[in-house]
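Asks: Mind the numbering: the sequence shown is residues 32 to 201 in our numbering, read in order. Note that beta-carbon positions come from the ideal geometry of N, C-alpha and C, so glycine has one too.
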Amino acid sequence: MDKNKSLLKPQVEELLNKLIGVEYSAMYLYKAISIWADSCGLFGVRDYFKKQSVEEQEHGNKVIDYIVDRNACAHLPAISCKPIDKSNLLDILKMYIEHELAVEKAWTNAITVINEARDETTYKFAQWYIEEQIAEIATATDILQHYNVAANGTGVGYAESYIDNWITKL
Ligand SMILES: [Fe+2]
């Protein structure tokens, strides 16, 4: 294939490059949370977010592979990651849901741009991410619900310990 002929319109190429950053930001955030959990002795939570971080890296890699497969240019955007300033698991779990909702918004906004560009191939590619976000948000919500059930019955200390054990089954 002619390497100079991109199969992506410029606005779609730019958009997909930004989405690499969206996925890699999640990779960084979840890695940071796993480090936070390790320092708190919540080893189940540590391992869960370590796994999530690897999955987010794979999501970013998948965008890169798609851009390259369409003869366009993939760029690695700068990723910033603030230190985790939360002091308890409940705040972490709320942050997890908020972040997944933000990622979903990024992909649904992307669908609008892709549709305007009449790029049916990229539309099909992006659908996988929409499905993935539905599953991710459902899981994050389940974890918070389990936390709340445990905290209502027995207190915060038990809830953190309970979640740390239960999350290893996911
Ligand atoms: Fe993702």
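Report yes or no: do the region 62–82 and the region 129–144 share at least 3 C-beta pairs separated by less than 8 Å?
Replies: no
Asks: By DSSP, does C71 sit in helix, in strand, or in coil?
Replies: helix
Asks: CB Y61 to CB S37, shorter than 8 Å?
Replies: no
Asks: Check for me: the alpha helix (DSSP H) holding A182 runs from which residue to which?
Replies: In the DSSP assignment, A182 falls within the alpha helix (DSSP H) that extends over 151–185.
Asks: Can D173 and K40 be called in contact, C-beta distance under 8 Å?
Replies: no
Asks: Put H106 into one of helix, strand or coil per three-state DSSP.
Replies: coil
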